[in-house]
Amino acid sequence: MCESNAYLRKQGEQDELFLEAVDRVVPYEDGLLLEDIFGKRKMIKARIAELSLVDHKIILERIE
């Protein structure tokens, strides 16, 4: 499978799981839309800080 888990990076803390089995990431002016393999969608005001394709991780950082 090619999906990844998305994590929210919090300064000084461990990354927090935001959404599992992410299949799509769609950029918008006010943030990112993430969709998992089951069709569940979450919108977040964040930017992609890091992609680790081998580890299947998407690291997000909130933006204000």
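Residue 8 is where the sequence shown starts when you use our numbering, and the numbers rise one by one after that.
Where is the CB? At the ideal position from N, CA and C, for every residue including glycine.
Being a predicted model, the structure only gives us computed values, none of them experimental.
If we define contact as Cβ-Cβ less than 8 Å, is residue i a contact residue for chain C?
i	result
L15	No chain C is present in this structure, which holds just one protein chain.
In terms of DSSP beta bridges, what is residue i paired with?
i	result
L39	P34 and I51
E23	L15
So the candidates are the options; which of them puts its Cα closest to the Cα of residue i?
i	options	result
V33	E27, K17, Y14 and R48	R48
D37	A53, V29 and G46	A53
D43	E27, E68 and E23	E27
So what's residue i in DSSP terms, helix, strand or just coil?
i	result
L60	coil
E68	strand
Do residue j and residue i come within 8 Å of each other at the CB atom, strictly closer than that value?
i	j	result
N10	V29	Before going on, a small fix: residue 10 reads as Glu here, not Asn. The answer is yes: Cβ separation under 8 Å.
F25	L39	no
I65	I55	yes
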